[in-house]
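In order, the protein sequence lines correspond to chains A and B.
Quick note: the first sequence uses my numbering, first residue 3, plus one each step.
Quick note: the second sequence uses my numbering, first residue 12, plus one each step.
Quick reminder that beta carbons are idealized off the backbone N, C-alpha and C, glycines included.
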Amino acid sequence: MIKVKGLNHSYKKDGKYAVNNVNFEVAEGEIFGFLGPSGAGKSTTQNIMTGLLQLQEGEVTVAGYDVKHIKNEMFNQIGMSFEQSNVYSKMTAKENLDFYRKLFDVETREPQDLLDLVGLGDKGNIRAGEFSKGMKHRLTFARSMINNPTLWFLDEPTTGLDPSIAADIKDIIRRENKKGVTVFLTTHNMYIADELCDRVAFIVDGDIKLIDSPKNLKLQYGEQLVEVEYIKDGDVVKESFSTIKTEDKNQLKDIIDKYEIQTMHTKEATLEEIFIKVTGRGLK
Amino acid sequence: MKKMLIIFMRDVKVNKRDFISLYILIVPIIFGIVINLIAPGVNDTTINIALIEGENIEMQEYLKDFAKISVYKDKAELEERVARRDEVFAYVPDGDGYYILQQGDELEGLLDYAKMMLAFYEDDVQIEDSTAEIHDFGRINPPLKRLLLNIMMMFTAILGGMLIAINIIEEKIDKTIRAIHITPISRTGYILGKSIIGAILPLYGSIGLLLITGFSDINWYQMMVLIVVSMVVSILFGFIQGINNTSVMDAAGSVKMLFLPLGGAVAVAELLSDKWQWIVYWIPFYWTYKGVDEILTYQSSWQNTLIYGGIVVGISAVVYILLIPKIRKGLE
Ligand SMILES: Nc1ncnc2c1ncn2[C@@H]1O[C@H](COP(=O)(O)OP(=O)(O)O)[C@@H](O)[C@H]1O
Ligand SMILES: [Mg+2]
Chain A
3 MIKVKGLNHS YKKDGKYAVN NVNFEVAEGE IFGFLGPSGA GKSTTQNIMT GLLQLQEGEV
63 TVAGYDVKHI KNEMFNQIGM SFEQSNVYSK MTAKENLDFY RKLFDVETRE PQDLLDLVGL
123 GDKGNIRAGE FSKGMKHRLT FARSMINNPT LWFLDEPTTG LDPSIAADIK DIIRRENKKG
183 VTVFLTTHNM YIADELCDRV AFIVDGDIKL IDSPKNLKLQ YGEQLVEVEY IKDGDVVKES
243 FSTIKTEDKN QLKDIIDKYE IQTMHTKEAT LEEIFIKVTG RGLK
Chain B
12 MKKMLIIFMR DVKVNKRDFI SLYILIVPII FGIVINLIAP GVNDTTINIA LIEGENIEMQ
72 EYLKDFAKIS VYKDKAELEE RVARRDEVFA YVPDGDGYYI LQQGDELEGL LDYAKMMLAF
132 YEDDVQIEDS TAEIHDFGRI NPPLKRLLLN IMMMFTAILG GMLIAINIIE EKIDKTIRAI
192 HITPISRTGY ILGKSIIGAI LPLYGSIGLL LITGFSDINW YQMMVLIVVS MVVSILFGFI
252 QGINNTSVMD AAGSVKMLFL PLGGAVAVAE LLSDKWQWIV YWIPFYWTYK GVDEILTYQS
312 SWQNTLIYGG IVVGISAVVY ILLIPKIRKG LE
């Protein structure tokens, strides 16, 4: 569905690259997560794929179209939800969708259905300008589905939403994906990536550090941790040890021999911990 | 093409909701009416005379050549008519003569005219009796009216640009341009769609103004050339303002700045001798003003109209070429 090869992008063309030799492929039907801290180059990559930024260097194919010579018809196939909601404040939620759907040449979804889906069913006749930030975000999200995209770009789809709505959004993404929609999800939120993505790419400073499935990553970096709580000089101490590193193993043996163990269990590393381990950087 | 109309219809819909935009949409009509009120038109220079129906057929026939006649059933109706706002004089039979009934606030010149016509009738003066030779300057319409009309027509072009600017600023504030760019409408299609409203305003505004103020017998083909040229200016101006400003208030501020070249062009064209006209050659308004004025005075030629129009398009093209990179970037 997406092929990116040797992608470079420099905003000022000054040799400073926001995206640096990025390569990846996204298969049809996949939910692909693009993870990285703010400023990593996620939006830049996504904007190049959707034609919002001019491709400078590299080969990018999206839904079978070469992005170098973008054809307008490509946009019938893709949908995009923006990180910053962007809807017409002077139009009602429904008018926003009604206007937008007319710009496509393919069958579009009923605005009311979409509003129902994102929990704005009874707010259709209110001007978007009167919406809260979260409501605008949901409207932007709903709009991105209106042309039944086969490839769906989501830039931080749950950021800033309260947890119950975020859960709804996650459900919708899962359901659309079940129907065969390929999802390219950009986020700095490891939990949503962990829950939704078939594969994730870690990106930092414009470089992709690795691409793998969350499950593999956890197998590789995660389950070898043992967390121990023990009593040392009357205080409870909590420590984690790797089960493969010899040094850690010896320390663990030592503790078991010397101290009274309170609890001990293997611990699954979060994607965030793995990210820090791999990239040496946090996600904030 | 269909999608350009969709963009246009959206603009109209939103503009109708906004006080400033709605005002801009209807203001050409208001201008037209105001011009008529403050400057008497070609047709208004004749006098309105009210008579009693059938009272004196001969007089009615005689006066018909010099005035606009309306007839009423009796004296009461006649009085009622005169009492209404506009300028009507009634000739009321009185013994074997007539007296003139007026409301009291009519222009003095018109009253003299009414008196004179009555006297002419009573003395049975005919046009052939006049010994004056006639030197014809062509059809002349009141210069004040022409001036106002011409300025207002240019004004509608500025307002058309203002509407475009308002709509672009709306998209900038709401950041919706990016959402439009990921639909199948082409960027050119989008730009053209956004331009329509700015083109429609000078079109319907100018035609409306001309019709309301009674200039329906001009050379419409030549006028259309200059109106289309105004549209070009309006669109270009709209995009420049839209891209350079981040709020409608800022844009309105820059529009005010435009009255300087507009006023300057008109002032120079009207007040300075031919020797100094070059000072304002660079102002597009100067050329549209000149062209429109020639048409309104029935002195236009295709050659001049096309030259003036061509100069305006040329100036616009230079500005456009200089600004292309900025316009493209501003709409990213
Ligand atoms: N329009 C722009 N002009 C110049 N630099 C930009 C622009 N947009 C983003 N950048 C820079 O490019 C880098 C990547 O940004 P971005 O792709 O938005 O990151 P992310 O989406 O991962 O937070 C950042 O260093 C950012 O400052
Ligand atoms: Mg981003």
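Interface residues of chain A facing residue i [CB-CB closer than 9 angstroms]
i                      : result
residue 336 of chain B : Within 9 angstroms Cβ-Cβ: nothing; residue 336 of chain B doesn't reach chain A, min ~13 angstroms.
residue 181 of chain B : 90, 91, 92
Any chain A beta carbon closer than 8 angstroms to residue i
i                      : result
residue 15 of chain B  : no
residue 193 of chain B : yes
residue 55 of chain B  : With a pLDDT of 49 at residue 55 of chain B, under the threshold of 50, the modelled position of that residue is not reliable, and the figure given next carries that caveat. No, residue 55 of chain B does not count as interfacial toward chain A.
residue 186 of chain B : yes
residue 21 of chain B  : yes
residue 147 of chain B : Reliability of the predicted coordinates at residue 147 of chain B is poor, the pLDDT of 47 falling under 50, and the value obtained from them is presented with this limitation in mind. Cβ-Cβ to chain A under 8 angstroms: no for residue 147 of chain B.
residue 31 of chain B  : no
residue 150 of chain B : Summary for residue 150 of chain B: the model assigns pLDDT 48, below 50, so the residue's position carries little reliability, and this model does not support an answer.
Distance between beta carbons of residue j and residue i, contact taken as under 8 angstroms
i                      : j                      : result
residue 238 of chain B : residue 217 of chain B : 5 angstroms
residue 136 of chain B : residue 244 of chain B : 52 angstroms between Cβ atoms; not a contact.
residue 220 of chain B : residue 39 of chain B  : 6 angstroms
residue 53 of chain A  : residue 10 of chain A  : Residue 53 of chain A to residue 10 of chain A, Cβ: 17 angstroms. No contact.
residue 345 of chain B : residue 50 of chain B  : Outside the modelled stretch of chain B, which goes from 12 to 343, sits residue 345 of chain B, for which no answer is possible.
residue 127 of chain B : residue 46 of chain B  : Actually they are not in contact, since the Cβ atoms of residue 127 of chain B and residue 46 of chain B sit about 28 angstroms apart, beyond 8 angstroms.
residue 98 of chain A  : residue 141 of chain A : 6 angstroms
residue 138 of chain A : residue 87 of chain A  : 4 angstroms
residue 229 of chain B : residue 307 of chain B : 6 angstroms
Beta carbon of residue i nearer than 8 angstroms to that of residue j
i                      : j                      : result
residue 57 of chain A  : residue 205 of chain A : no
residue 173 of chain B : residue 266 of chain B : yes
residue 202 of chain A : residue 195 of chain A : yes
residue 244 of chain A : residue 221 of chain A : no
residue 59 of chain B  : residue 86 of chain B  : no
residue 278 of chain B : residue 296 of chain B : no
residue 254 of chain B : residue 341 of chain B : yes
residue 162 of chain A : residue 121 of chain A : no
residue 176 of chain A : residue 150 of chain A : no
residue 126 of chain A : residue 119 of chain A : no
residue 130 of chain B : residue 101 of chain B : no
residue 92 of chain A  : residue 25 of chain B  : yes
residue 191 of chain B : residue 259 of chain B : no
residue 114 of chain B : residue 93 of chain B  : yes
residue 168 of chain B : residue 241 of chain B : yes
residue 189 of chain B : residue 77 of chain A  : no
residue 113 of chain A : residue 124 of chain A : no
residue 247 of chain A : residue 229 of chain A : no
residue 208 of chain A : residue 20 of chain A  : yes
residue 171 of chain A : residue 160 of chain A : yes
residue 242 of chain A : residue 269 of chain A : yes
residue 200 of chain A : residue 27 of chain A  : no
C-beta neighbour in chain B for residue i, strict 8 angstroms
i                      : result
residue 223 of chain A : no
residue 57 of chain A  : no
residue 80 of chain A  : yes
residue 277 of chain A : no
residue 12 of chain A  : no
Interface residues of chain B facing residue i [CB-CB closer than 8 angstroms]
i                      : result
residue 141 of chain A : Near residue 141 of chain A there are no residues of chain B at all, since even the closest Cβ is about 11 angstroms away, more than 8 angstroms.
residue 101 of chain A : 17, 21
Under 7 angstroms from the C-beta of residue i: neighbouring residues of chain B
i                      : result
residue 104 of chain A : 17
residue 77 of chain A  : 193, 194, 195
Partner residues on chain A for residue i, Cβ-Cβ distance less than 8 angstroms
i                      : result
residue 196 of chain B : 74, 105
residue 11 of chain B  : In the structure as shown, chain B starts at 12 and stops at 343, and residue 11 of chain B therefore has no counterpart that could be examined.
Amino acids of chain A, ordered along the chain, whose beta-carbon sits closer than 7 angstroms to that of residue i
i                     : result
residue 27 of chain B : Neighbours of residue 27 of chain B on chain A: none; closest Cβ ~10 angstroms, over 7 angstroms.
Inset, instruction - Identify every run of the beta strand (DSSP E) within the region 202-284 of chain A, keeping only runs that are complete inside it and at least 3 residues long; order them along the chain. - result: Secondary structure in the region 202-284 of chain A: the beta strand (DSSP E) runs of 3 residues or longer, each lying completely within the stretch, are 209-214, 227-234, 237-244, 262-269 in chain order.
Inset, instruction - Enumerate, from N- to C-terminal direction, the unbroken alpha helix (DSSP H) stretches of 4 or more residues contained entirely within the region 77-122 of chain A. - result: Qualifying alpha helix (DSSP H) stretches, in chain order: 95-103, 113-119.
Legend entry - Every unbroken alpha helix (DSSP H) inside the region 70-131 of chain B [4 residues or more]: For the region 70-131 of chain B, the continuous alpha helix (DSSP H) assignments of 4+ residues that do not extend past its boundaries occur at 86-94, in sequence order.
Inset, instruction - Go through the region 30-55 of chain A residue by residue and report every complete run of the beta strand (DSSP E) that reaches 3 residues or more, in order. - result: Whole beta strand (DSSP E) segments, 3+ residues: 33-37.
Legend entry - In chain order, each alpha helix (DSSP H) run of at least 4 residues that lies wholly inside the region 248-324 of chain B: The region 248-324 of chain B contains these whole alpha helix (DSSP H) runs: 259-282, 295-307.
Inset, instruction - Scan the region 175-221 of chain B and note each continuous alpha helix (DSSP H) run of 4 residues or more that stays entirely inside, going in chain order. - result: Taking only runs of at least 4 residues, the alpha helix (DSSP H) segments lying wholly in the region 175-221 of chain B are 188-192.
Inset, instruction - Write down every uninterrupted run of the alpha helix (DSSP H) in the region 121-161 of chain A whose length is 4 residues or greater and which is fully enclosed by it, in chain order. - result: The region 121-161 of chain A contains these whole alpha helix (DSSP H) runs: 135-145.
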